[in-house]
Every structure is written in structure tokens, then in C-alpha cells.
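Here is the structure we will look at, set down as C-alpha cells.
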Amino acid sequence: MKKYTACLLAVTAFTLAAPASAQFAKAEDAVKYRQSALFVMQQNFGRVAGMAAGKIPFDAKVAGDSAAVAEFMSKLPWAGFGPGTDKPESKAKPEIWANKAKFDDNARKMEAEMAKLAVAAKSGNLDSIKVAVSATGGACKSCHDDFRAK
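Residue numbers (this note's numbering): 25 to 174.
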């Protein structure tokens, strides 16, 4: 299972990071890229959050692996928010480009909280994970409140 997870992470990283290293051919490509990165991050964070909430049976290994993937993915979507990517239809509010500094600050805060979650999950301590999930979820919510349409 560990090799599968590592392989999946490597393939996902290559698939998502390759477009970030060059300009996107079209704005729609950037939107798809950022949505894909955010989706993978959310799925892995959601698994850990479900365990913290008692909705999913706690498995320390799965929590650690999922949090590590979520942390890695938290660094990727921002390349997809470049100039001209505000026009394709998405849930991104125009405020992202009008207040890019605040958006970027929120992104860095979420990345920092995601890193703390990965450390907590690696420890296997459910109480630490619960605290980190709450802080990470708060960072996500803060950005969504300001910059994501419902």
C-alpha cells in the first residue's frame, strides 16, 4: 500500500506540476489545473477531518498518508490563479485578482496549517490531529468566505 501511495503521489505531482512549470496554453487549462489540485487536497484533508470528527474509523497510517498528500497538494493550485484566469467560469470570485495580496496571504496561512496537520497526523495522536484539523479547516474557510462563490 505504501508503494501504491508513493506511486500515486508521484504521478499526481508530475501531472499537476508539469503545467505549472510552463505557461498554461489557455486560461481554461489553468482553471482545470487549480481545480484538480484543490480537489485532491480536499479529498485527502476530508479523510483526516472525517476521522477527527469520528465519522470515519481512525487509522493512524491512513491519516498520516492522507495529511502528507494534502500538505503536498496545498502548494500546487496557486500557479493556476495567474493573470487572465479570472474569466473562465469557476467559483473563484473576482476579489482574488482585486486583492491578490490578501488571497496570497490566505494561501500561505492554509499551507502553514496544512503542514502542521501533516506533523500532527504523522504523530498518530488523535487529539493533536483534531486540533490541527480545526485550525486547517478554519484557514480554508477564511479563504472560501472571502474568495469563493457558493
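The C-beta atom is built at its ideal place from N, Cα and C for all residues, glycine as well. None of these values were measured; they are calculated from a predicted model.
{"Item": "With C-beta atoms as the reference, is Ile120 less than 8 Å away from Phe48?", "Value": "no"}
{"Item": "Excluding five sequence neighbours on each side, which residues of the same chain lie with their C-beta closer than 7 Å to the C-beta of Pro43?", "Value": "Because Pro43 sits at a pLDDT of 43, beneath the cut-off of 50, its placement in the model cannot be relied upon, and the following sentence gives the value as read from the coordinates. The answer, listed in chain order, is Asp53, Tyr57."}
{"Item": "By alpha-carbon positions, which one of Ala87, Ala51, Asn68, Asn123 ends up nearest to Asp151?", "Value": "Ala87"}
{"Item": "Which of helix, strand or coil does DSSP assign to Ala77?", "Value": "coil"}
{"Item": "Using only the alpha-carbon positions, how far apart do Ser60 and Ala103 sit?", "Value": "12 Å"}
{"Item": "Could you tell me which of Ser98, Met75, Ala84 sits nearest to Val64, measuring between CA atoms?", "Value": "Ser98"}
{"Item": "Excluding five sequence neighbours on each side, which residues of the same chain lie with their C-beta closer than 8 Å to the C-beta of Asn130?", "Value": "Ala163, Ser166, Cys167, Asp170, Phe171"}
{"Item": "Looking at the structure shown, is Ala131 part of a helix, part of a strand, or coil, going by DSSP?", "Value": "helix"}
{"Item": "Determine, using beta carbons only, whether Asn68 and Ala51 come nearer to each other than 8 Å.", "Value": "no"}
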